[in-house]
Structures are given as C-alpha cells and as structure tokens.
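Everything below concerns the one structure shown next.
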Amino acid sequence: MKRKLRRRGRIAAIVLLCLSFLSVVPACAQNYGRAERSALADSAAHMGEVVFAAGSFGADSGRFSDVAEGKWYAATIREMTQAGWISGYRDGTFRPSQPISGAEFVTIVAKCAGLSPGHGQSSHWAAGTMQAALDAHWYDWDELPPTGERYNQPISRQLAVKIVMKALLPQARGEYGTEAAKIKDLQALDGRYYEAVFAAYRSGVVAGDNAGNFHAREGLSRAEACAIIQNALRCKENAAGTAVPGGASGPQSGAPGSNSSSAGSSEKGGNSVAAGTDNSGAGTTVIRGGVSENGWLQVIGTQLCNEAGKPVVLRGMSSHGLQWFGEFASAKSIANTAQYGANLFRAAMYTSEGGYLSRPEEMWQQLTATVDAAIVNDMYVIIDWHILSDGNPMDHLQEAKAFFSQMARRYKDTPAVLFEICNEPNGGATWSGSIKPYAEQIVAAIREQSPKAVILIGSSTWSQDVHLAAADPVAGSNLMYTCHFYAGTHGQWLRQRIDDAMKQGLPIFVSEWGTSAADGSGGVFLEEARRWTEFMKERNISWANWSLCDKNETSAALRPGTNPSGGFGESDLSDSGQFVFSQFR
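Per our numbering: the sequence shown = residues 21 to 605.
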C-alpha cells in the first residue's frame with residue numbers, strides 16, 4: 021500500500037537539506053543514569069569539552085557564539101537546543117562545521133526517539149545507548165561494533181541516514197527506479213544502504229547537492245546532522261499529527277553549496293511496495309527484479325535476500341551444455357528470455373563430455389561471453405561447474421580450484437554472479453567423504469577473490485540428498501544448497517525432504533528442474549510441474565529450468581528448428597517452454 025504523509029496546515033513544505041553540507045552535531049543525555057552521566061563528564065576533556073547533559077552552555081537560549089543568525093542552520097540548532105536534544109561546548113560554541121562521530125549522532129537520535137540506554141559492552145561514555153540502538157536494529161554489528169573502537173570516528177552520510185530512518189521513519193520506503201535516478205554518484209552508495217537512502221530521498225529527509233551528488237561515504241557536520249534529524253522528525257510529525265519543536269531546513273538558496281529545492285506538497289513515506297514485487301509466499305514481500313534493483317545478494321536464514329535484506333526470488337532458464345547448444349546461450353537468446361520476465365540465467369559448462377577439461381580455452385571464452393551477456397541484460401547468472409558423468413567432484417579438485425579462483429577474480433566486483441561448484445555429484449560420491457571436503461576447498465578459493473558472492477553447493481544422488489547437507493553443512497556465509505528435480509520422476513517425497521532440510525536451517529536453491537522425466541524425455545508432466553512451482557513459490561525458492569535449447573526432447577523450452585538469432589514468439593516455445601515462461605513473472 022502506498023500512502024502520503026499528512027501535512028499539517030502550518031507546514032507548507034519540508035525543505036530538503038543539501039548533502040554537500042550534511043553532517044552531525046553534539047549530543048544530549050537526559051535519559052542517562054548517574055553512572056553514564058559521570059562517564060560523560062570524565063570523557064569531556066578528551067572530546068573537546070563537548071557537554072551532552074541538559075543544562076549545558078547555550079542550552080537555555082540555543083544561541084552560540086559561532087552560530088550567526090542568518091546561517092542556514094541557525095534556526096534548526098536553536099530549536100533543537102531549546103527542545104533539549106542537543107547542547108554546546110563549555111566555551112559557548114557549537115562548532116557547526118565540525119564532523120560528528122557515530123556515538124554523538126546515535127545519542128541525539130536516541131534522545132529524539134525516546135530510546136533508553138542498555139548495558140554497554142565497553143567503557144565508552146555512550147556504550148549503553150549504542151548497545152540499545154544495536155539491539156533495536158538501527159545499524160549492524162560491523163558498522164559500529166559494540167566494542168567501541170569506532171564510536172568516536174566520524175559517521176558516514178549513508179550510515180547516518182540509515183540510523184535516522186530506522187529510528188524515526190521505519191515504515192518509509194523509496195522506489196529504486198524513481199530515487200536512484202536522483203543520485204548522480206549512486207556508484208558510491210553501498211548496496212546495504214539503498215533502502216534507507218531511497219526512503220530518505222522520497223520522504224524529503226535528504227537531497228543531493230547542486231550537482232545531484234549524495235557523497236555517501238563522506239562525513240557529516242554537526243549542523244548537517246541537526247538538519248537531517250529535524251527533517252526526519254518533521255516527516256514523523258506529518259505522519260502522526262504530533263508537534264515537533266521548530267522547523268528543520270537545509271541550507272537556504274544562495275548559501276554556499278546550497279540546494280534551493282524544497283519538498284513538494286506530497287512527500288511520500290510508509291508502506292509503499294516497489295514495482296516488480298510479489299506479495300505471495302509466507303506473508304513476505306518478495307522482490308523479483310534484476311541486479312540494478314537488488315544489488316549484491318545475501319543469504320539470511322534460509323532465504324535469498326537482496327542488499328537491503330529483503331527476500332528476493334530468482335527465476336529463469338538454464339542453458340543446455342554450452343559445447344552443444346551454445347547458440348542458445350548467446351546475447352540474443354538471453355535477451356529474449358529476459359523479455360519474458362526472467363531475472364536469472366544459468367550457464368551450464370560441462371566439465372567432461374567435450375567440455376571444459378578437454379577444451380579449456382574455448383569453453384572459457386564461451387562461458388564468459390554468456391555471463392557477460394546476462395549481466396548486460398540486468399540478470400543474475402550462475403556459473404555452473406557441470407559435473408555429470410564425472411560424478412565425484414574430487415576427481416578434478418585442482419582444476420576446479422584454479423577455475424573458480426580465476427572466475428571469482430574476474431567477477432569479484434560484479435553482484436550478478438553466483439557460483440555453482442558441483443552440478444550433480446553421483447555414483448560413489450558421498451556427502452561426508454567427498455562432496456563436503458571438496459566444497460570446503462572450493463568455497464575457500466572463491467572467498468579469497470570474492471568475499472560475498474553466493475555459492476551454490478550440490479549434494480549426492482544428483483543433488484537430491486539435501487538432508488545429508490542439512491545434518492552437516494559447510495561452514496561459511498552466503499552458501500546455499502542445490503536441489504534438482506524433474507516433474508515426471510520426483511514428487512512429494514522430495515518436496516518433504518526439502519521442507520525438512522529448510523526446517524533445519526538449510527537454504528535451498530533449485531538450480532535445475534524440468535517438466536519431463538529425469539532423462540529429459542516423457543511428459544510434459546504439467547500437473548506435477550505446477551505442484552512444484554507452487555511449492556517453490558510458497559517457500560520463496562529460486563529456480564532455473566532445464567533447458568533453453570531446441571533439442572528434440574520434452575524438457576527443451578524451444579521447438580526444434582527455432583532460430584537462436586530471432587525473437588522467441590509463442591510459436592517458438594514448446595509445451596514445456598510455454599508453461600515455464602509463464603512462471604517468470
């Protein structure tokens with residue numbers, strides 16, 4: 021649902037603040053206990069004698085010797101000081117241009133949000149409040165570790181915006197397609213902050229400088245921090261109908277580096293659903309866009325998520341063997357598939373049977389061309405080390421380590437790429453004896469080059485023994501486990517196995533499935549295929565269908581003789597292809 025923040029008659033507009041000046045302020049501490057007040061006093065000498073307690077210099081009048089009337093920030097600083105949210109220094113100054121630390125910023129926001137201190141893990145004066153903010157999920161452990169070593173460091177704009185939005189406007193949302201275009205230096209914004217920053221732009225809490233830049237990784241001044249927080253409070257006021265002392269504004273038109281634009285009469289916030297989302301599946305909002313919308317993927321619990329931590333589902337096609345049907349893994353064929361709504365392509369590079377091990381240079385070129393074509397089409401792409409007749413992945417461990425190390429190095433800065441390290445182990449390959457030890461070494465090789473790419477791990481019996489992986493998973497993050505099925509061969513027993521594995525916390529990715537029997541023929545088994553697609557939809561399981569080619573078998577998505585260089589019309593799709601392509605959106 022979308023809604024507009026209510027605007028009270030006395031508020032004509034929320035002035036968007038200029039991020040070329042945006043930064044931070046000192047803090048206050050009326051919510052602190054006696055021990056924390058003592059710690060604040062003890063640490064004042066080490067922090068330029070800034071005073072955080074109520075009754076500080078300048079607190080009564082909100083006037084400071086270095087805050088001249090007429091400055092864009094003067095009214096905001098005065099009003100926030102009079103409200104008891106901030107204070108100045110012992111020498112009567114405010115130092116509006118001085119960078120603000122993470123501890124100072126969080127302390128002010130906590131005061132405004134009414135967050136009481138918790139039990140800190142360090143002796144830092146703000147440890148209690150920082151712990152409470154961490155427990156409230158305003159930020160993550162790695163951003164401001166509770167051990168306190170980063171508390172006094174300047175806070176970045178992107179982290180400051182995340183904290184203020186989490187604390188004061190947690191329901192606000194912003195659409196990638198609308199807000200990203202406003203940020204000229206979007207490449208500097210880390211993906212984990214997309215959600216908060218886009219929501220802040222849409223709500224009118226922040227805006228770019230005159231050049232449209234956000235300066236995501238730069239610090240904030242105290243004056244800029246006041247403006248951010250005050251703007252967020254005003255948005256919260258509009259939504260709740262409660263009064264906020266004073267009125268926040270950014271630099272006024274004509275000020276050096278100012279942005280004279282203001283928020284219009286319909287600032288938006290709260291409960292908006294981004295375009296391309298699917299509200300089905302376990303009561304969660306599931307995003308199904310491409311790489312530009314979702315960025316780096318991550319695994320949270322059993323769920324594949326985007327950079328913002330929102331559940332995401334990938335659906336698309338797998339190629340057949342690149343050495344046989346490489347023409348259907350071309351840029352044109354991949355673009356055709358994307359036009360039907362697919363956001364995933366799997367490049368099946370056989371290791372044996374005339375594949376990589378016998379023709380490494382040729383297959384490398386074929387594979388990278390396919391991967392690059394998927395990336396151009398804003399699709400995620402799986403690099404599949406497609407073992408099959410060579411059923412034990414340990415047979416070619418060294419070749420696999422060298423291959424994945426090189427691939428991970430090539431695509432280490434590309435959020436689109438996932439690595440599937442062993443397609444379908446079979447024969448004598450066991451989970452504990454060969455597959456897990458192999459996976460541990462390949463995961464390590466990939467992580468040396470690509471620390472956060474999602475890695476897909478197969479299991480024994482053609483990647484159906486997910487229960488064995490669930491009982492003894494590989495250690496690491498952003499790891500998922502593949503399960504392969506064919507509708508004419510595999511039924512409820514395998515669905516139950518998947519459910520059991522997920523209940524044990526195993527993330528599942530169906531990187532290959534077909535509407536046919538397991539040998540690619542028979543069927544099409546549409547009734548059972550529909551049970552499977554509904555099953556995966558209900559559990560937000562991502563999938564790739566076998567296969568995008570015109571081979572004369574029922575699992576092929578295209579009819580024999582389809583032109584790989586033309587468009588894929590309805591008449592080009594096989595019975596299987598028509599069903600599968602209808603499931604992309």
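Even for Gly, the Cβ is constructed at its ideal location relative to N, Cα and C.
Keep in mind it's a predicted model, so treat the numbers as computed, not measured.
Give every residue of the same chain whose Cβ lies closer than 7 Å to the Cβ of residue i, excluding the five residues on either side of it in the sequence, and list them in chain order.
i: I249; result: I128, V129, C132 and V184
i: N172; result: S121 and A123
i: A367; result: S339, L342, A349, L387, T390, V391, V401, I402, I403 and D404
i: A94; result: V87 and A88
i: L417; result: Y458 and Q461
i: T484; result: Sequence inspection shows Gln at residue 484; the Thr mentioned does not correspond to that position. Closer than 7 Å at the Cβ level, and outside the excluded window around Q484, lie C503, H504 and L514.
i: F555; result: R515
Rounding to the nearest angstrom, what Cα-Cα distance links residue i and residue j in this structure?
i: F588; j: A358; result: 11 Å
i: Q469; j: V463; result: 10 Å
i: P445; j: S480; result: 5 Å
i: Y109; j: A236; result: 28 Å
i: L206; j: M383; result: 35 Å
i: S602; j: S142; result: 55 Å
i: N565; j: P166; result: 45 Å
i: S425; j: N443; result: 18 Å
i: S409; j: F423; result: 19 Å
i: A243; j: L317; result: 35 Å
i: E558; j: V333; result: 11 Å
i: R177; j: L135; result: 22 Å
i: G239; j: L499; result: 34 Å
i: S241; j: F125; result: 10 Å
i: W92; j: M100; result: 14 Å
i: G168; j: G104; result: 26 Å
i: K472; j: R430; result: 14 Å
i: Q512; j: F345; result: 32 Å
i: F114; j: A192; result: 31 Å
i: G375; j: V319; result: 31 Å
Within this structure, are the beta carbons of residue i and residue j separated by less than 8 Å?
i: G224; j: C255; result: yes
i: P527; j: L324; result: yes
i: E590; j: S541; result: no
i: I402; j: T434; result: no
i: A502; j: E548; result: First, the amino acid is wrong: residue 502 is Thr here, not Ala. The answer is no: Cβ separation not under 8 Å.
i: A507; j: W552; result: yes
i: K186; j: W158; result: yes
i: D210; j: V311; result: no
i: R335; j: A362; result: yes
i: Q461; j: K421; result: yes
i: G321; j: G496; result: no
i: A449; j: V486; result: no
i: A393; j: A351; result: yes
i: V494; j: T535; result: no
i: S575; j: V530; result: no
i: A538; j: T582; result: no
Can you give me the Cβ contacts of residue i inside the same chain, cut-off strictly under 6 Å, excluding the 5 residues immediately before and after it?
i: G140; result: A147, G148 and Q151
i: K330; result: I307
i: R605; result: G361
i: A428; result: I466, Q469 and S470
i: T96; result: C246, A247, Q250 and A268
i: S117; result: S241
Is it buried or exposed, residue i, if we count other Cβ atoms within 10 angstroms and call 16 or more buried?
i: W451; result: buried
i: D111; result: exposed
i: N230; result: exposed
i: A491; result: exposed
i: I477; result: buried
i: W533; result: buried
i: S454; result: buried
i: W482; result: buried
i: P380; result: exposed
i: G315; result: buried
i: E327; result: buried
i: P580; result: exposed
i: S85; result: exposed
i: S378; result: exposed
Between residue i and the rest of its own chain, which residues show a CB-CB distance below 8 Å, the 5 nearest in sequence each way excluded?
i: L578; result: F348, L568, C569, D570, F588, D592, L593, S594 and G597
i: V181; result: Y213, A216, V217, A220, V225, V226 and I248
i: K202; result: Y221, A227, G228 and G232
i: L188; result: V129, C132, A133, I249, A252, L253, C255 and K256
i: S353; result: E347, L568, P584 and F588
Spell out whether any CB of chain D is found under 8 Å from the CB atom of residue i.
i: Y376; result: Absent from the structure is chain D; it holds one protein chain and no more.
Unbroken stretches of the beta strand (DSSP E), 3 residues or longer, contained in the region 350–407: 364–370 and 400–406
Unbroken stretches of the beta strand (DSSP E), 3 residues or longer, contained in the region 415–457: 437–440
Unbroken stretches of the alpha helix (DSSP H), 4 residues or longer, contained in the region 141–167: 147–155
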